[in-house]
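In my numbering, the protein residues as written are 6 to 151.
Backbone N, C-alpha and C fix where the C-beta goes; we use that ideal spot for every residue, glycine too.
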């Protein structure tokens, strides 16, 4: 299970209580990987990061080891982290504070990003992706073959 890679986009909707239904294709892996235990926190680009607990623990340890010059970012990542569990109906509650921080209303996009997911407001993600597609390729991709 150590080499689990989450990928792909899922267009989802938060319910009236701010719960997100985990896409069926990720449920079994999340159950096996972390018994449905997840951690959500803020991302610097305005979305949320959704970590299976083992991946969160690795990320948390890396953040905790940052020098004092990064204390503000430690607060962003660690101070806003919320542990949640996938419930019997395969839903995860996104706390009101985190929903507000990422401007999540109803329509959201869940993106598999390897070890974790990003949760975006659907319109914000569409705008973000459009801006990325219009920008010049970064040097890291210049020699990348497609």
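The alpha helix (DSSP H) that contains residue i, what's its start and end?
| i | result |
| --- | --- |
| residue 134 | 127 to 139 |
| residue 102 | 101 to 106 |
Any heavy atom of the ligand ZN closer than 7 Å to the beta-carbon of residue i?
| i | result |
| --- | --- |
| residue 31 | In the structure on display, the ligand ZN does not appear, and there are no ligands present to speak of. |
Do you know offhand how far residue i's Cα is from residue j's?
| i | j | result |
| --- | --- | --- |
| residue 10 | residue 73 | 32 Å |
| residue 68 | residue 148 | 31 Å |
| residue 151 | residue 35 | 30 Å |
| residue 2 | residue 110 | Here the chain covers residues 6 to 151 and nothing more, so residue 2 does not appear. |
| residue 142 | residue 133 | 15 Å |
| residue 130 | residue 12 | 16 Å |
| residue 172 | residue 61 | A query on residue 172 cannot be resolved here, the shown segment of the chain reaching from 6 to 151 and no further. |
| residue 90 | residue 32 | 12 Å |
| residue 54 | residue 140 | 24 Å |
| residue 52 | residue 83 | 15 Å |
| residue 101 | residue 122 | 19 Å |
| residue 59 | residue 66 | 11 Å |
Whole-angstrom Cβ separation of residue i and residue j, contact assumed at under 8 Å?
| i | j | result |
| --- | --- | --- |
| residue 98 | residue 41 | The pair is not a contact, with the Cβ atoms about 12 Å apart (cut-off 8 Å). |
| residue 124 | residue 113 | 6 Å |
| residue 56 | residue 38 | Contact flag wrong, Cβ pair sits at about 11 Å. |
| residue 46 | residue 107 | 10 Å between Cβ atoms; not a contact. |
| residue 127 | residue 16 | 7 Å |
The beta strand (DSSP E) that contains residue i, what's its start and end?
| i | result |
| --- | --- |
| residue 163 | This structure cannot speak to residue 163, because the chain is shown only from 6 to 151. |
| residue 33 | Segment 29 to 39 is the alpha helix (DSSP H) holding residue 33; no beta strand (DSSP E) there. |
| residue 82 | Here residue 82 belongs to no beta strand (DSSP E); instead the alpha helix (DSSP H) covers 76 to 84. |
Drop a sphere of 10 angstroms on the beta-carbon of residue i, count the other beta-carbons inside from all chains shown, and report buried for 16 or more, exposed for fewer.
| i | result |
| --- | --- |
| residue 19 | buried |
| residue 76 | exposed |
| residue 71 | exposed |
| residue 25 | buried |
| residue 156 | Coverage of the chain is limited to positions 6 through 151, which leaves residue 156 absent and any answer about it impossible. |
Flag residue i as yes if its beta-carbon sits less than 8 Å from any beta-carbon of chain C, otherwise no.
| i | result |
| --- | --- |
| residue 92 | The displayed structure is made up of one protein chain only, and chain C is not part of it. |
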